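Numbering (UniProt numbering), first residue to last: 1 to 562. Ideal placement from N, C-alpha and C gives every residue a C-beta, glycine not left out. Since we're looking at a predicted model, the values are computed, not measured.
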């Protein structure tokens, strides 16, 4: 063997896996240890293809590699030199097939099939889980997804909601479930809202074995916007408070609407006929309106190009600093606004009027009039700004404030945020908008904030690309627009080389969807084959059918003849 790296082989994890590493080292001829080991661990040196002469010549040139004494510390079979053992203590070079890194990735996977669930240890590994639906097929050139055709229960796909490992630990918020982010799109009547409701049921309804296992329900927030008026429809998420089965522990639904449309929206939500749905005006206390909230309500996007009245507000906020209070701000504003021109005063008044319309001047004592009261475990909070006097830009500003408060709220559990009908207020032309920035930051930090983000839309091409890039799960219901698919395929990790996925989307039936999730866990191989194993979905896709709901479906299509 010529001078250079030695080929060192050893078995890892399972006998059928051999790993070859090239190691450069200095060896002495007189210290070569070629004695075969009698234990189950093979010798770290392989001399395959070497005769005695070449071995001696190579040993003379490089010296010999000493075999570490029995029981000594080694780093994946590498030689140990006296005094350097400590350097390997913080290095994790365990094989991917059984290392802690892979175990963490599997535990925090957003989706997994029934086969992967069983192979990974079942409820021990995934103590909390929610049933999403049935796997019908996968991409033609993808892995064979393990489904036992004789029983549908083997082909379920499960949404991971990783909770504490034992009921006694449910009070510790640091070990709550594995956060994820998802985009769900499709035309009306394709089953998009049904899928969203199924996900919310999995996260908010405990103690119902038909849909999975949930130790402690999450706290939910829904952002909803419409045109407003008497013809408005309630947010479909509110129907989670209307169970079809009396044994279902439905979540409390709190709907917050603009004060100017309170009577109208109460009449709209009365159609649900449920005492678990409560409609209240959205009012902020003075303590909730910090300096950042003021900037949001003033639609300050760029401080450099802001008009004079905004510069005046910024000056007051800088002067107040950490001593900011609403009353102190108003007092300073009354003094300094005398320098403004009439046109500037008009613009300032418009912004202040919008702010004052959401200010709780009576200092209400309702239990959910404060930050801690609006959000709680097992409660779904819906902010419905369907109001003819609120445009999309103003709605985004209010959504940004309420989302920021949702993140700050101490709910002692995980959280889920639903951006409902996002195409009505999120646009690609406003990528730098405050709400888009807030959502982007939220998704990037979701694991630190115990947050799940679900974005539901009919038109995916109006979503800012950065949101599509960051979401780890994409669920596509039926649509026919080629431009939609082109937009999605540029931002989703899916193989589009043969056009099979788009053809399948065109043929989807109501309730069926294409799931794209590179980190999802599936099983490759057959149940009777030793090569069966758990793997990630990667660039492949799954065809699924979502399960039935256990709460009432308020989004069904209205037909002339039922």
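Using alpha carbons as the reference points, say which of the options lies closest to residue i.
i: residue 359; options: 510, 265, 327; result: 327
i: residue 522; options: 129, 131, 138; result: 138
i: residue 132; options: 118, 121, 113; result: 113
i: residue 498; options: 524, 540, 470, 218; result: 540
i: residue 348; options: 356, 310, 322; result: 310
i: residue 121; options: 232, 403, 233, 106; result: 106
i: residue 282; options: 518, 356, 481, 510; result: 356
i: residue 279; options: 486, 405, 253; result: 253
i: residue 510; options: 491, 481, 544; result: 544
i: residue 481; options: 248, 502, 467; result: 502
i: residue 325; options: 287, 350, 318, 339; result: 287
i: residue 394; options: 453, 135, 227; result: 227
i: residue 404; options: 422, 289, 238; result: 289
i: residue 351; options: 329, 238, 296; result: 296
i: residue 453; options: 344, 492, 406; result: 406
In whole angstroms, give me the CA-to-CA distance for residue i and residue j.
i: residue 21; j: residue 515; result: In this predicted model, residue 21 has a pLDDT of only 35, less than 50, meaning its place in the structure is not dependable; the value taken from the coordinates is given anyway. Each residue's alpha carbon lies about 38 Å from the other.
i: residue 308; j: residue 320; result: 19 Å
i: residue 259; j: residue 246; result: 34 Å
i: residue 255; j: residue 362; result: 20 Å
i: residue 408; j: residue 335; result: 33 Å
i: residue 469; j: residue 427; result: 15 Å
i: residue 195; j: residue 313; result: 44 Å
i: residue 181; j: residue 446; result: 8 Å
i: residue 484; j: residue 512; result: 18 Å
i: residue 424; j: residue 392; result: 7 Å
i: residue 387; j: residue 331; result: 31 Å
i: residue 316; j: residue 354; result: 19 Å
i: residue 262; j: residue 390; result: 13 Å
i: residue 201; j: residue 549; result: 8 Å
i: residue 449; j: residue 341; result: 44 Å
i: residue 291; j: residue 373; result: 22 Å
i: residue 500; j: residue 542; result: 12 Å
i: residue 323; j: residue 285; result: 17 Å
i: residue 177; j: residue 397; result: Low confidence applies here, because residue 177 scores a pLDDT of 36, under 50, leaving its location unreliable and the question unanswered by this model.
i: residue 158; j: residue 117; result: Only weak support exists for where residue 158 lies, its pLDDT of 46 falling under 50; the value from the coordinates is given anyway. For residue 158 and residue 117, the distance between alpha carbons rounds to 8 Å.
i: residue 277; j: residue 451; result: 24 Å
i: residue 244; j: residue 204; result: 15 Å
i: residue 234; j: residue 298; result: 29 Å
i: residue 518; j: residue 124; result: 24 Å
i: residue 487; j: residue 465; result: 8 Å
i: residue 444; j: residue 266; result: 36 Å
i: residue 346; j: residue 337; result: 11 Å
Taking 7 Å as the cut-off, is the CB of residue i close to at least one heavy atom of the ligand ADP?
i: residue 539; result: With respect to the ligand ADP, the structure offers nothing, as it holds no ligand at all.
Quick check: residue i and residue j, are their CB atoms within less than 8 Å of each other?
i: residue 257; j: residue 384; result: yes
i: residue 212; j: residue 115; result: no
i: residue 264; j: residue 230; result: yes
i: residue 128; j: residue 215; result: yes
i: residue 552; j: residue 198; result: no
i: residue 209; j: residue 217; result: no
i: residue 184; j: residue 456; result: yes
i: residue 524; j: residue 537; result: no
i: residue 472; j: residue 251; result: no
i: residue 249; j: residue 554; result: no
i: residue 187; j: residue 232; result: no
i: residue 399; j: residue 442; result: no
i: residue 401; j: residue 293; result: yes
i: residue 467; j: residue 496; result: no
So residue i is in the alpha helix (DSSP H); what residue range does that whole segment cover?
i: residue 352; result: 342 to 357
i: residue 327; result: 326 to 336
i: residue 260; result: It is not in any alpha helix (DSSP H) - residue 260 carries neither H nor E in the DSSP assignment.
i: residue 514; result: Looking at the DSSP string, residue 514 is not in any alpha helix (DSSP H); the run it does join, the beta strand (DSSP E), is 512 to 516.
i: residue 403; result: 392 to 408
i: residue 491; result: Element bounds for residue 491: n/a, residue is neither H nor E.
i: residue 316; result: 308 to 320
The beta strand (DSSP E) spanning residue i covers which residue range?
i: residue 133; result: 129 to 138
i: residue 451; result: 451 to 457
i: residue 434; result: Segment 434 to 444 is the alpha helix (DSSP H) holding residue 434; no beta strand (DSSP E) there.
i: residue 280; result: 277 to 281
i: residue 194; result: Here residue 194 belongs to no beta strand (DSSP E); instead the alpha helix (DSSP H) covers 192 to 204.
i: residue 183; result: 181 to 185
i: residue 384; result: 379 to 384
i: residue 112; result: 111 to 113
The segment 496 to 507 / the segment 459 to 471 touching (three or more Cβ pairs under 8 Å): No, the segment 496 to 507 is not in contact with the segment 459 to 471.
Count the C-beta pairs between the segment 373 to 389 and the segment 406 to 413 that are closer than 8 Å, then say yes if the count reaches three, no if not. Touching, yes, given that three or more Cβ pairs across the two stretches are closer than 8 Å.
Touch check for the segment 206 to 222 and the segment 415 to 425: three-plus C-beta pairs under 8 Å? Enough Cβ pairs lie closer than 8 Å, so yes.
Inter-stretch contact (C-beta, 8 Å, three-pair minimum) for the segment 476 to 490 and the segment 190 to 205: Counting C-beta pairs closer than 8 Å gives three or more between the segment 476 to 490 and the segment 190 to 205, which meets the contact rule.
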